[in-house]
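Using the numbering used here, you'd call the opening residue of the sequence shown number 372 and step up by one each time. The C-beta atom is built at its ideal place from N, Cα and C for all residues, glycine as well.
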Amino acid sequence: MSETYRACYIRETATNGECVLTGPEHAHLDDAALRAEAMAEATRAGLYRDDDPDCPTREAIAALLEIGDWTEL
Numbered sequence: 372m373s374e375t376y377r378a379c380y381i382r383e384t385a386t387n388g389e390c391v392l393t394g395p396e397h398a399h400l401d402d403a404a405l406r407a408e409a410m411a412e413a414t415r416a417g418l419y420r421d422d423d424p425d426c427p428t429r430e431a432i433a434a435l436l437e438i439g440d441w442t443e444l
């Protein structure tokens, strides 16, 4: 059974890939708080490194964040 909830995720346009960074427990948060939680998860997951030119920066990850409906399959 699938579940749909409001989430913050990254959509990577080159590959059409998506990665959700927030869960259903965060769906009630306003946009700013949802983005903050998504960035906290990106930090925990090591999705960016400001000191490595071969990795995305914090700003690059923040620019890719989208808020919308997410369906867990």
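Contact check, GLU389 vs ARG382, beta carbons under 8 Å | Counting from 1 along the sequence shown, the entry for residue 389 is found at position 18. Counting from 1 along the sequence shown, the entry for residue 382 is found at position 11. A contact, by the Cβ cut-off of 8 Å.
Look at the alpha carbon of ALA433 and the alpha carbon of ALA407, and state the distance between them as a whole number of angstroms.
-> For the purposes of this step, residue 433 is identified with residue 62 of the sequence shown, where counting begins at 1. For the purposes of this step, residue 407 is identified with residue 36 of the sequence shown, where counting begins at 1. One C-alpha to the other measures close to 9 Å.
Tell whether a beta-carbon distance below 8 Å holds between TYR380 and GLU437.
-> As a working mapping, residue 380 is identified with position 9 in the sequence shown. As a working mapping, residue 437 is identified with position 66 in the sequence shown. Yes, the Cβ-Cβ distance between TYR380 and GLU437 is below 8 Å.
Between which two residues does the beta strand (DSSP E) containing ALA378 stretch?
-> Locating residue 378 in the sequence shown gives position 7, where the first residue counts as 1. That run of the beta strand (DSSP E) goes 374 to 383.
Backbone CA spacing between ASP440 and PRO427 [nearest angstrom] = Walking along the sequence shown from the start, residue 440 turns up at place 69. Walking along the sequence shown from the start, residue 427 turns up at place 56. Answer to the nearest angstrom: the Cα atoms are 25 Å apart.
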